[in-house]
Each structure stands twice: as structure tokens, then as C-alpha cells.
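First to last, the protein sequences are chains A and B. Position in the first sequence counted from 1, then plus 360, gives you the working numbering. Position in the second sequence counted from 1, then plus 4, gives you the working numbering. Following: one structure in C-alpha cells, then a few remarks.
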Amino acid sequence: MTQDKVELGEKLGFYFDQTACTGCKACQIACKDKHDLPLGVNWRRVVEYSGGTWRQEGNTFTPNVFTYYTSISCNHCENPVCMQVCPTTAMSVREDGTVWVDEDKCVGCRYCEWACPYSAPQFNAESGHMSKCDLCFDYRQEGNDPACVSACPSRALDWGPIDELRAKYGDNAAVAPLPDPSITNPHLVITPHRDAQAWDSGTGDIANPKEI
Amino acid sequence: MAKLSQLKLRGWRPKLRTETATSDPRAEDEAQGISRRSFLAWSGAVGGAVALVSVADLGMPLTRTEAAAASGTPGGMLGADKTVWNACLANCQSRCPLQLQVKDGTVVRVLADSTGSDEFGDFNIRACVRGRTQRQRIYSPDRIKKPMRRTGERGGGQWEEISWEEAFDTIASEMKRVRDTYGNEALWYHYGSGSTGGNITKRGTWPRLLNTYGGYLGQYGDYSTAQITAAYPYHYGGWVSSNSLEDAKNSRLQVMFGNNPLETRMSGGGELAVVQKTRREYGVRTIVIDPRYSETAVDVSDEWVALRPGTDAALVAGLIHEILAQNMQDQAFLDTYCVGFDEATLPKEAEPNSSYRSYIEGKGPDGVEKSPEWAADITGVPADQIRRLAREIAGAKPAAITQGWGPQRSANGENASRAIFTLAAVTGNIGIAGGGTGAREGNYSIPVKAFPLFDGETPPVTTQISCFNWIDAINRGPEMTALKDGVRGKDKLDVGIKLMVVNASNTLINQHNDIHVTQETLRDDSKCEFIVVIDHQWTPSCDWGDIVLPSTTNFEEIDLIPGASCSDMGWAIYGDKAIEPLYDTKTGYEMCTEIARRLGIEQEFTQGRTQEQWRDWLYEETRSIEPDFPTKEEHAAMGVFRKKNPAGHVVALKDFREDPEAFPLLTPSGKIEIYSQQLAEMSKTWVFEGDRAGDKLTALPEHIDTWEGALDARDSKYPLQCIGHHYKGRTHSSYANLAWLKEAHPQMLWMNPIDAAARGIKNDDIVYVFNNRGKVRTQARVTPRIAPGVVSLPQGAWYQPNHNKVDIGGNVNTLTKYHPSPLAKGNPAHTTLVDVEKV
């Protein structure tokens, strides 16, 4: 296992602009097309978070509501719990900082799926193994952006070494309904929507639990 | 809904992956069926060619900077045989280029445009979620593989395969029989928009065939814009747009009535990109007026004004009441450019007190003052908010007021659209940079030559009915008149529709109001005697054909594809053939050529050209109009040709504003007719009877409390107003059958928590939505994003009746009424009352 741990490298991660996302899921589908993922396996997913109230007076009404989306895949965490819980050492961090599952070692026990607070590793019933975002390794090798990044009609996604992303976009990954970032230290930076709430004080609900 | 606490306990993890992914209520039936079927189809289609890439060779990947430098290359899969340009042709009025990667004759990956940039006029036209699902569509299990002929009663679901020869012979002989028996006006080319973005691959081959054969009963309007299209001539003298959305950079305020480009124009090189970039870079304050908290409102609005559907004209009246009370109207504009806002500018034939001001002040025939309180009661928008909005809209100079097509797609949408035009006039924003006409925004486009639907100046038959009125034309064609049914070109029809060509159209069943009425009309094959349906997916409409022909997708043929709506950027896409026609499918051009041969009109139809030669001709013709347009060879190399609007931004009616004498409108007065004398006269002569009694035309853009409108809901057995918004997972009904999209965007009913709580309904519960016309089963999306008293069942889901006639597909047209609007005879899709109960 030690040979697969981070020794040096870029610590690659994602950036997400929550102010631009429309929840269209072009990212999810571009990923699915690129990786030939079956139904039920979505390495990138989009969660809708909504809340607020309506005031009704007589025949009139006034909304005080909010909605925003979060597109999320594997965050290639600094502290990947998937790797820590994996009983077969199938999960590892590569030298570029991406978290990778070795399907030759994986027995499909799904412990990593259970442990990951982002549900990034996903069980592929076809292969019987876990599967997950590899940040489009082959695309990067050819000098192209990951499929989800180049797919986004709203230009809401970016990727790169997390230090560069943080220098450019700030250091916020603590937006509801995402979990406490201190659990895994995700390589993720979010520009929050104007109505975004902190991870520990969200007042809304996930609107689309079955879609994620 | 999942609370944060639950979230932390359970993670926000999806259900177990072995479960079916769709949350569609059909899941029960399809858990095995759809998933396994498509899964198997996939495995078969792509083989092992695109299995997960091996990451055994772990060299250091490139960084973002290096990757960005490679922009312009399509990227994608290594080892593909070729990468081919084509486009998504569905009718969203974006038009996204696609690059299809092909290996061993199979499309193995679908990539977006890789050219252009993030700059205005040069956008990288990133396809939305639907375009990227193209591979599922090409290899869909719903692909029609052979010509089919029904064997039982129409709509009975019994079919046999037939040869193409037999299909062509039958269609040709039926065309001849119907024409010889009833005349050309008994032939009908059905409304639809399944390949609307194409050119030769558009729906033009069949109209050309029918026109070459002497023509067919024409149609005006469309299902998207019938009411606003009918209103334009009376108000503005003809179709006008508003300014482009890019021109909003010059605005102090942007007001969008039911305008939702971030969902309806979702392309990353379309109006979504323009609106987002304009907002980001120019910060224009934006107010969205919509019963739903749309994605446009979520992303770019400063204020969401929630109103009841069908009440836009009342809101406008309340706004104008306040504008007049504050004396903030642009009186000079109204006096110079408009007719009938004030008594002084009414035409001489008009009755006293028939001006719009009189209507507002309560001096008109109804005697009701249109105060903000009056408007508040109808619209749901509080009077104080109306007053504040009115002052803000009138005070912002200039203000870009636009409307989408949702407000007008209602029982008196003609008046709603004209009311919004009127607000633009009252605030003096028409014809200036940063302003607008109150219409839908304008776009620049390159004048790409269209495949000709007929030769000569006009089609051989000029009689028309509304595109929506075909049910009447089947049931009682010879009774349809100009004054009662809006027949154009004749006082009355001589014959009903006896033969229908339904091509790339799901409007035969799915997209037409009141499916049960449609079914009963079609079931009797002594009325419409022959129906041929042409498509590449077996849609619910195919069920009602007599012969169904399997067509290629546009990825199996060639074309020159015009761009669509992207503000001040025009473009055109090279349409290349990615793969050979699958199964036993043919192109529309080949089908029509074969039928033309049997009718003895092949030469007239083809003009001796193959499809390739027609495309060459389109390039020649386009280049003769637009000299900088590329040659076919140049276009093939570049994929996408872009051009910025040479005029800068679309500023609608600029000439008229600058010199109304030299550039009069085509209205009788040459001015903007807020009061239309033509409509005043028509209101006395047009006939509304039967279930349309009570409908009316008005000279002014008055609010009308219509059947199943906001006020009707208050004492109705069905107290919820039901609209059907455009859904991200499909374009109308195109793409609605694809498993990936049903997983990403399952059908659902949007419902306010207040209405849900009153019915004991929680998010994701399965519910019935029903009225006296039909019943739908779907899941509830309990969300504060929709006004109380309003539900939305997004339009376009495929109709799927179970044995109890409950539509478990969730099609809104199981619930909508067939009731043409008064002037346009158009589709009142968003005027529907329903109730909802938990299953």
C-alpha cells in the first residue's frame, strides 16, 4: 500500500462555481458517456438544495426561498477515508494526487462507498467492483480537460492543482449540504451561490435525494 | 426531504447501486425491463471498445495550463477511427454542434464543440445534457427498425413488418386516392419539431413532396408561439423581436416575464451563455416574473416575482396603474408612437372611454379600476410589491423588458403578450439600446439557404388553419369557417383532413392537448383515412399510424445545419455522416424520392439532385447571399462557422423609433396599436360557440378571467393551476425515452409545500394528478420553488397509459384541454386545473 501513497505531485482537484450551475447535469452525462457508466453509476452528480418559506396574506403570497446546486464527483481528498477503510488496499492515492481504485484488488465490498461522505466510489454491478472518478486520466494525458469540466455549458467547473485553485478561487468547500470538509480535506473549491449556507447551519433540504 | 442531520448520518449517498436507478413510478414495471434492456443494448452496441481506460501506465498527467493550451482539438477517445461533425437538431432553439467519435462503424463517444472561446460572438457552443446523450438516442432500443403496418384497429397496437416497396406503394396509392377523391386540401402535413434544427434533414422533404403533388392544407402558428404570433400584427404590424439579450449590457434593469433562457435555451453557446456572461460582467439588475423559481431566477435574478399563471396582463395593468399614479409614464412616447393609450390617440371609430388609460382608471365598459390591489387579488403579487416594481421599472432608463413564450401559451395569451408589449411602450423603452419591445428577445442569424419546401413564390394551396386546429378539421372540417375557426384564405373549408403525414412529430398524441380527445378522433378511421408516421424512435404517436416508416437519425446522413438563438452570434454547422443508416432505415429524402417516383413527379421533386447535390446547392446559394460563408470543403474542415452580428446588437424597431414617419409599422395607423380597431371590429364578428362560448377578442390588451384560470380555480373542484414547464431532460418530447436522461431528470410534479401538506404529500411520494379529462401518476417534487396553488408537470414526458387508463408516463396532455385560444386558435397549454392526491 505504501507504494501507492502520495509521495509528490500536484494534488489535483476540482473547482465549482455554484453561482453559475443550473442543475442541467451535462457534467454527469458527459462523464457517463466518456466512461460508459451504467444506470445507477454516476461518478459526478448534482444535488439541488432548496429551502425557505412563503408568506400568504389574503389572496397574495410572497416567497422567501432559495435554491442552489452543487455538482460533485470524487474530490480526491487530502485525507481519503475510502483508502483508509479499504480492506484490500485497492484504493490508493496516485502521484498526481488523484484517488484511484485498483479493480484487480477490489472485491466490491462497498465499504469505501459507505465511508465516503461524498459517495464518490460507486459500485458497478457489471464489473462487481467499485468504480470512481479518475479525473479523466487519459484526457489529461492528452492535454485535455476532464470530460465534466469541458462539458459545462455554464463554465462552472475547473480543475488543477488544488493550491492553484485555492489561490485563484479561495478556499471554501464548506457549503451545505456537503459534509464537514475537515473529515477528508477535499481537493475542492467552491464559489458559493448568493444564497449558499454553511455546511453546519443549512436550513434547506436536498430536493433530489433519489437523483444523487 | 433528507435533512442535514440525516445527511450526515447516511451521507448523501445514493440508494444502493443494485437498485434501479430511475425514480420513475414505472420503475416497478421497468426495473428489469428498461435497465437491463438498455444495458444489454449498450453492451452490444459498443462492445468492448470503450471499456474503462487502463490506468496502469501512471505517468504524470498534464496540468490545467498545458491542457488549456491544447484547446481546439476535440480530444476524446484515443484510437477512434474518425471524429465527425454534426449537431443536436431538437427544437430548443439552441443548436449545438457535436463531434461524434466513431470506431468500427459505431459511435463510441459524443463530444461537444471544441472551437471558439468564452467571448461574446465567439462562444464555444457547449452542448447541454441532452446533446451529450446522443449515443443513447442513436442506439436506443426504441429505434424503429423496419417499415410497419397496423393489422388491427387503429391505435390497437397490432403490427406487421412490411417491405419498403410495399410501404412506398401503399403511401403513394393512398395519396393518389385521397387527392382524387377529396382534393389536395384533404392532405395534411402534421405539426412537429423533432428535427427542427436541420435543413435537408429537417422536416422539409415531406412538405416538398406534398407540394410537388399539388399541395396540402396549410397551417399557421406553432405550438410554441401561436398566441404572441397572432397578437403581433394587431399590435406591431407583424413579428418583432425585442433587443438581443446581449444588449442588456446597456440596460439599467432587465425584466423577464416568463422568460427562462437558462432552461429553454440551455446551450453553452446559446442564450444561457449570453445571459450569464452579461450578468457576470455588467451586473445588470434582473427581475424574473414567473410562477416558478426558474433556473434563470436562481442564477441571475435579483428578485423573483411569483405570480399565478395566466395573470400577466393583470399584473401589467396594476403596474401601469401605479406608473400613471406616479406620472412616470413616457407620455411623449405614447403620444408620438402609439394609438389608444389615451383617449386622444384613439382611432376615430373607437367608442369613448375605450383607451387603455380608461381601462386602467375604471372608466371603460367594465367600470373596474385596475389598482394594484385589484391586480394583487388576481395575480397573487402583493399590492405594495406591485407599486414598488412599477416605480422601479418606470424609473430605470433604459429597461430591457422581455417575455418568454410561457405567458402567451394560455387561454388568452394573446392579451398577455400584448399587455407586456404595452408595458415596454408606457416606459418608453422601445427602439433604443438597452431597451426592448416587451417581446421575446432578438437574435442574429446567418441567412443559410433553406431546403425549398416548394418551388415558386407560394405553395400551391394557400388555405390555412391554425396548426392546433387539426382535431376540428378531422372531426368537422367542412363546418370550419373563418369567423368561427380562424380559417384563412377561404371563408370555410370544403373538406376535412383525410390523410396525415406525421414526420419527426410526436404531436399526433403526446404533444397535443387532451390526449383522450385525440385518441377518440383518430380511432375512427373513416374520419382521417390514412396516417403515415415517420420517425427514428417509436414514440406514442407511432401507435396511431397506419404505416410507420423508420428514418435515419441526422447522424446517418448529411446536411448544412443553420445555427439558432445566441443573441448577436450567428453560426452554421457542417452536418457529416457519422455512421451508415442503422437497421433498415432510410433518409427522408430517399423515402420521398421513392414515393415521388411512384406518383410520376420524381424529376420535379428532386430536380435531378441527390441529397449531396442539394447540399452543394445550399452552399452555393448561401454563399451567393453571404459571400464570407465558407465553401463546403472549408466548412468541413472548421466544423462550425461563426459570425458576429454586423449591426452590433439587435435593437428592435430602431428605425421606427428614430423616424416613425419614414419607417411606419405595418399596422393600419403605422403606429403601435395598444388599442386595435381591427380587433374591435373582429370582436363583433367572430363567433364563439359550444364549449368556446364566452371566449372573446378585445381591442385592448385586457386581462381576461378565462376558463380554468386563476379565479376559476378558487371555487373549482380542481383547485390547482397546472402548468407544464420545459424540462431539462428533454426537448419537448425528444430525448424523453432515454434511460440516462430519465435517471438524471425523472418526471415529477412540482408542488408547493403548502399544497402538499394540505394533501399529506411529502417529497418523492407517488401521486395522482387528475381532472375530469384524465389522470396521471408521477412522483411529487415538493418544493418552495413554485407558487402556492400552482403545480407544474413538465411537458414532454411520453404518454403511457396503464390498464386503468392512468398515464404512468406523466404526460401533461393527459390533463390539458383542447380549447383553441380566441384569436390565434392556439395551444393554451398552461391553462389547466387539476387536483393532486397521494397514491
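For glycine and all other residues, C-beta sits at the position ideal for the given N, C-alpha and C.
CB contact flag (residue i, residue j, <9 Å)
{"i": "Thr427(A)", "j": "Val535(A)", "result": "no"}
{"i": "Thr233(B)", "j": "Ala828(B)", "result": "yes"}
{"i": "Cys461(A)", "j": "Met451(A)", "result": "According to the sequence displayed, residue 461(A) carries Val and not Cys. The answer is yes: Cβ separation under 9 Å."}
{"i": "Gly814(B)", "j": "Thr782(B)", "result": "yes"}
{"i": "Phe609(B)", "j": "Ile434(B)", "result": "no"}
{"i": "Pro544(B)", "j": "Trp802(B)", "result": "yes"}
{"i": "Ala403(B)", "j": "Gln412(B)", "result": "no"}
{"i": "Cys570(B)", "j": "Ser98(B)", "result": "yes"}
{"i": "Trp378(B)", "j": "Gly322(B)", "result": "yes"}
{"i": "Leu670(B)", "j": "Pro237(B)", "result": "yes"}
{"i": "Ser414(B)", "j": "Ser121(B)", "result": "no"}
{"i": "Tyr593(B)", "j": "Trp618(B)", "result": "yes"}
{"i": "Ile535(B)", "j": "Val506(B)", "result": "yes"}
{"i": "Arg153(B)", "j": "Gly160(B)", "result": "no"}
{"i": "Lys779(B)", "j": "Asp126(B)", "result": "no"}
{"i": "Tyr409(A)", "j": "Leu517(A)", "result": "no"}
{"i": "Lys371(A)", "j": "His553(A)", "result": "no"}
One or two residues paired with residue i in a DSSP bridge
{"i": "Trp407(B)", "result": "Sequence check: residue 407(B) is Gln here, not Trp. Gln407(B) is bridged to Phe261(B)."}
{"i": "Asn507(B)", "result": "Ile538(B)"}
{"i": "Thr87(B)", "result": "Gln105(B)"}
{"i": "Arg296(B)", "result": "Ile790(B)"}
{"i": "Arg147(B)", "result": "Gln541(B)"}
{"i": "Gln783(B)", "result": "Met752(B), Ile770(B)"}
{"i": "Phe376(A)", "result": "Leu517(A), Ile550(A)"}
{"i": "Leu221(B)", "result": "Trp192(B)"}
{"i": "Val182(B)", "result": "DSSP lists no partner for Val182(B)."}
{"i": "Glu417(A)", "result": "Thr420(A)"}
{"i": "Phe426(A)", "result": "Gly411(A)"}
{"i": "Ser479(A)", "result": "Paired residue(s): none; Ser479(A) is not in a bridge."}
{"i": "Pro805(B)", "result": "Asp811(B)"}
{"i": "Thr820(B)", "result": "Answer is none; Thr820(B) lacks a bridge partner."}
Cβ distance (whole Å) where residue i is taken to contact residue j below 8 Å
{"i": "Gly384(B)", "j": "Ala791(B)", "result": "6 Å"}
{"i": "Tyr4(B)", "j": "Val499(B)", "result": "Here chain B has residues from 5 to 843 only, and residue 4(B) is not among them."}
{"i": "Ala533(A)", "j": "Val509(A)", "result": "At roughly 17 Å, the Cβ-Cβ gap does not stay under 8 Å, so Ala533(A) and Val509(A) are not in contact."}
{"i": "Asp580(B)", "j": "Asn90(B)", "result": "6 Å"}
{"i": "Leu742(B)", "j": "Ser271(B)", "result": "Not quite, the Cβ-Cβ distance comes to about 18 Å (not below 8 Å), so this is no contact."}
{"i": "Thr557(B)", "j": "Lys590(B)", "result": "Incorrect: roughly 12 Å between the Cβ atoms, too far for contact."}
{"i": "Lys453(B)", "j": "Thr205(B)", "result": "Contact doesn't hold; Cβ gap of about 15 Å is too wide."}
{"i": "Ala386(A)", "j": "Ala511(A)", "result": "5 Å"}
Where the beta strand (DSSP E) through residue i begins and ends
{"i": "Asp303(A)", "result": "In this structure chain A extends from 361 to 572, so residue 303(A) is not present and cannot be described."}
{"i": "His489(A)", "result": "489-491"}
{"i": "Phe774(B)", "result": "770-774"}
{"i": "Lys648(B)", "result": "644-648"}
{"i": "Trp378(B)", "result": "Where Trp378(B) is concerned, there is no enclosing beta strand (DSSP E), although the alpha helix (DSSP H) it sits in stretches over 376-383."}
{"i": "Met152(B)", "result": "152-154"}
{"i": "Leu837(B)", "result": "837-842"}
{"i": "Ile577(B)", "result": "573-579"}
{"i": "Cys387(A)", "result": "No beta strand (DSSP E) holds Cys387(A); the alpha helix (DSSP H) holding it covers 386-395."}
{"i": "Pro566(B)", "result": "563-566"}
Element boundaries [alpha helix (DSSP H), containing residue i]
{"i": "Lys488(B)", "result": "486-489"}
{"i": "Asn756(B)", "result": "Neither: Asn756(B) is in no alpha helix (DSSP H) and is coded neither H nor E."}
{"i": "Met859(B)", "result": "Coverage of chain B is limited to positions 5 through 843, which leaves residue 859(B) absent and any answer about it impossible."}
{"i": "Leu3(B)", "result": "One cannot answer for residue 3(B) here, as it falls past the ends of chain B, which runs 5 to 843."}
{"i": "Leu213(B)", "result": "209-216"}
{"i": "Ala558(A)", "result": "Neither: Ala558(A) is in no alpha helix (DSSP H) and is coded neither H nor E."}
{"i": "Thr110(B)", "result": "Looking at the DSSP string, Thr110(B) is not in any alpha helix (DSSP H); the run it does join, the beta strand (DSSP E), is 110-116."}
Whole beta strand (DSSP E) runs in the region 428-473 of chain A with 3 or more residues, listed along the chain? 451-453, 459-461
Alpha helix (DSSP H) runs wholly inside the region 434-507 of chain B, at least 4 long, in chain order: 474-480, 486-489
Just to confirm the assignment: which complete alpha helix (DSSP H) runs, minimum length 4, are found wholly within the region 585-616 of chain B? 592-603, 606-610
Where are the alpha helix (DSSP H) runs, 4 residues long or more, that stay fully inside the region 308-375 of chain B, in chain order? 316-329, 335-341, 360-365
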